[in-house]
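The structure appears right after this line, and notes come after that.
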Amino acid sequence: MPERAAIETLSALLQSSQAQPRVRTERLVPSAIYDLDYRMFVIAAAFELHAKEAPPIRRRIHATKLKLLQFIAIRPRLMSVIRSWSAAGKDETSFAAHDLRRGFLGDRTYDAMVAFLVARGVLEWMGTHLAAGSNAELLANLYTAAVSADLFITERRTLEELAHVRVTVRMLEGE
Amino acid sequence: MSLSHEYARALSQLTGDDFQAEVCVRLGNAILSFQDVPRKPYGDGGLDGLSHDAEHAYCCYGPEYDKFKAAKDLAGDIVDKFRSDLRKLFELEMDDGKIVQIENKEIAKILPDGTTVKHIRLVVNWFESHRIIGPIGTAVKKYRKASICRYVDEGASVVVWGPKQLATLFPVDESTILRSRHAKFLKEVQSAAEHVEIENPSDFDTKMNSLSKICPAHHAPAIASLKESLLSDWRMALAFEQKLDGTLPTLHKALEDHRRRILQKVAQLMIASDKPWAELGRAAEIATGVLAPDFEVAFGTTLLSAISSGEVARLIGECPVSWEEPAHA
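Keeping their order, the protein sequence lines are chains A and B.
Count along the first sequence from 1, add 1236, and you get the number used in this note's numbering.
Count along the second sequence from 1, add 133, and you get the number used in this note's numbering.
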């Protein structure tokens, strides 16, 4: 005999008990992943922790690397995947690496956020890199404020751990 | 990569029941007379499928690769499993190292009267070693001699098929590949769901305790089991969401939007109805209707059904849909 679905059992029990229904749509909490303020902080933290000085120009970071770093900072469970991917070198037989590449490259919210930050003069495109723009202090201030308020500890810790993972150009751009 | 090569690869990644299910669907599509043999409730008598008036028999095995350290261990396990299947067909058993005749009562209820199997295909998800063939052939010789061969013809052929053979023997199209990918994805989500931790389920616990209070005491076991089912479905929904979030962000956004639509639809029906809980019973159906356009083709109907149940369990678990004791209680 096919099993009765849990929700049907619940429905029958509630019906027979004459319980009063309560529907609270406000309890459906949207994911922070689509919160632009949160995303701006994560990009700020990734940039502050990973961008490098490149005299005579300002600090910069490979744009795809920034995309990858912020993607993992939000999803610390992927640390093991990036570590194995980095360690695998050219041998990319791992399905997890394939999935991660597809995942972070498809992060459209990041693209929209970067477009906003470039338009705001916070970041600036320099070929394959994103450099600090004329209003770059916004990122630094945001990061400093979060650190002093002890906020977003997991994301910051993940970004710090990522400093010990070698991310190659091949991982970002392919051969 | 050719379609048959890709399908062989997808097949080799399936294990256990998923592998057997895919083999049966594949053979069912390719061979008109193919008959799947359900294992429940009496066992399959050693047979997973039959065709050609039950003269061709199929036994499947999809070992879990991570249980084996070396290829030779895996090959040895495959040989052992198929020897065991063959003994069932020949109605034999090992007793203190000796082969003895037994009666396989179930096989008599599976094969038509007077039919003996003339070809046996042993289908496995890993066939990268010729060392599987010799021991099985030797076993077949022994079993022929030892058995009274009531259900297997004395001259029956026994052949091993691996993913490559199964992929090349019959045509492969995109839907075949998609089907095998769905099975793999479903398994990954199910496996991830086992490790998903639900953060702060206290509201859910309170709600289920309140249900126990308002229902008659004899419903207690049903409520306990219901709680486990809802938690399991909820974990499945979370695992699926995590999987999408890490690999297909665009679909994750769609899921996020759909979740709100499911709640709105269920809420509208419940509020408008004089039997609101009956509407809740249809919530999974509503969820399937909302999710299908984006998820059915990409993930298949089995996963869609699991996601729908999971999303509804999540609405209960995260408390947008809740209940209170009746006024007279």
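We treat Cβ as the ideally placed atom computed from N, Cα and C, and that holds for glycine.
Which chain A residues sit within Cβ distance under 9 Å of residue i?
i, result
"Glu287(B)", "The premise fails here: Glu287(B) is roughly 41 Å from chain A at the closest Cβ pair, so nothing lies under 9 Å."
"His189(B)", "The premise fails here: His189(B) is roughly 30 Å from chain A at the closest Cβ pair, so nothing lies under 9 Å."
"Ser442(B)", "Ala1241, Ala1242 and Ile1243"
Starting from residue i, trace the alpha helix (DSSP H) in both directions and tell me its first and last residue.
i, result
"Leu314(B)", "Residue identity differs from the one stated: residue 314(B) is Arg in this sequence, not Leu. Start and end: Glu307 to Ala326."
"Lys221(B)", "Ala204 to Leu222"
"Leu1408(A)", "Val1405 to Glu1409"
"Ala1372(A)", "Per DSSP, Ala1372(A) belongs to no alpha helix (DSSP H) and is neither H nor E."
"Asn342(B)", "Ser335 to Ile347"
"Tyr1270(A)", "Per DSSP, Tyr1270(A) belongs to no alpha helix (DSSP H) and is neither H nor E."
"Ala300(B)", "Pro296 to Leu302"
"Ala439(B)", "Ala416 to Gly450"
"Ser137(B)", "Leu136 to Ser145"
"Ile93(B)", "Because chain B is modelled from 134 through 462, residue 93(B) falls outside the range shown and cannot be assessed."
"Thr380(B)", "Ala353 to Thr380"
"Leu160(B)", "Gly149 to Ala163"
"Ser1322(A)", "Met1315 to Ala1324"
Measuring CB to CB, does residue i end up less than 9 Å from residue j?
i, j, result
"Ser184(B)", "Leu207(B)", "no"
"Leu1264(A)", "Leu396(B)", "yes"
"Arg1337(A)", "Pro382(B)", "no"
"His1365(A)", "Ala1299(A)", "yes"
"Cys193(B)", "Leu219(B)", "no"
"Leu1395(A)", "Leu1305(A)", "yes"
"Leu359(B)", "Met341(B)", "yes"
"Asp181(B)", "Gln146(B)", "no"
"Val1259(A)", "Ala400(B)", "yes"
"Leu402(B)", "Ile1243(A)", "no"
"Val293(B)", "Ile265(B)", "yes"
"His391(B)", "Val423(B)", "yes"
"Ser313(B)", "Leu144(B)", "yes"
"Glu464(B)", "Thr248(B)", "Since the first residue shown for chain B is 134 and the last is 462, residue 464(B) is missing from the structure and cannot be characterised."
"Ala1399(A)", "Leu1285(A)", "yes"
"Thr421(B)", "Ser406(B)", "no"
"Ala300(B)", "Ser137(B)", "yes"
Who are the neighbours of residue i on chain B, taking C-beta pairs under 7 Å?
i, result
"Gly1342(A)", "Leu381, Pro382 and Thr383"
"Arg1258(A)", "Ser455, Trp456 and Glu457"
"Ala1399(A)", "The contacting residues do not exist; Ala1399(A) stays about 21 Å from chain B at best."
On the DSSP letters alone, give me the boundaries of the beta strand (DSSP E) that residue i sits inside.
i, result
"Trp1361(A)", "Leu1359 to Met1362"
"Trp410(B)", "Looking at the DSSP string, Trp410(B) is not in any beta strand (DSSP E); the run it does join, the alpha helix (DSSP H), is Pro409 to Leu413."
"His1365(A)", "His1365 to Ala1368"
Closer than 7 Å by beta-carbon distance: list the chain A residues that pair up with residue i, in chain order.
i, result
"Glu330(B)", "None at all; the shortest Cβ gap to chain A is about 11 Å."
"Val445(B)", "Ile1243"
Which partner residues of residue i appear in the DSSP bridge assignment?
i, result
"Ile253(B)", "Ala190(B) and Val291(B)"
"Asp169(B)", "Gly182(B)"
"Lys1288(A)", "Arg1296(A)"
"Met227(B)", "Ile232(B)"
"Trp456(B)", "Pro1257(A)"
"Val285(B)", "Val250(B)"
Taking C-alpha atoms, which residue in the options lies nearest to residue i?
i, options, result
"Leu371(B)", "Lys274(B), Lys360(B), Leu359(B) and His385(B)", "His385(B)"
"Lys238(B)", "Arg283(B), Gly270(B) and Lys278(B)", "Arg283(B)"
"Met369(B)", "Pro171(B), Leu436(B), Gln234(B) and Gly149(B)", "Leu436(B)"
"Arg1402(A)", "Leu1341(A), Arg1356(A), Tyr1379(A) and Val1317(A)", "Val1317(A)"
"Leu1246(A)", "Lys214(B), Gln146(B), Ala204(B) and Ala417(B)", "Ala417(B)"
"Phe1340(A)", "Pro426(B), Leu377(B) and Trp456(B)", "Leu377(B)"
"Ala117(B)", "Tyr140(B), Glu226(B), Arg142(B) and Ser290(B)", "Because chain B in this structure spans residues 134 to 462, residue 117(B) falls outside the shown range and cannot be described."
"Arg1406(A)", "Arg1311(A), Pro1266(A) and Trp1321(A)", "Trp1321(A)"
"Gly1363(A)", "Gly1325(A), Ala1382(A), Ala1280(A) and Ile1297(A)", "Ile1297(A)"
"Asp1273(A)", "Gln1256(A), Arg1295(A), Asn1371(A) and Ala1382(A)", "Ala1382(A)"
"Val257(B)", "Gly295(B), Tyr276(B), Gly288(B) and Ile243(B)", "Gly295(B)"
"Trp259(B)", "Ile211(B), Glu444(B), Glu389(B) and Pro426(B)", "Ile211(B)"
"Val1350(A)", "Glu1262(A), Ser1253(A) and Ala1280(A)", "Ala1280(A)"
"Leu1314(A)", "Glu1391(A), Ala1372(A) and Glu1409(A)", "Glu1391(A)"
"Ile449(B)", "Ser438(B), Asp366(B) and Phe432(B)", "Asp366(B)"
"Val233(B)", "Pro453(B), Val156(B), Leu244(B) and Lys221(B)", "Lys221(B)"
Please list, in chain order, the chain B residues whose beta carbon lies closer than 9 Å to that of residue i.
i, result
"Leu1336(A)", "Gly379 and Thr380"
"Ala1299(A)", "Chain B residues near Ala1299(A): none, gap ~17 Å exceeds 9 Å."
Residue i touches chain B at which residues, Cβ-Cβ below 8 Å?
i, result
"Tyr1270(A)", "Lys386 and Glu389"
Does residue i come within less than 9 Å of chain E when only Cβ atoms are used?
i, result
"Glu1262(A)", "No chain E appears in this structure, whose protein chains are A and B."
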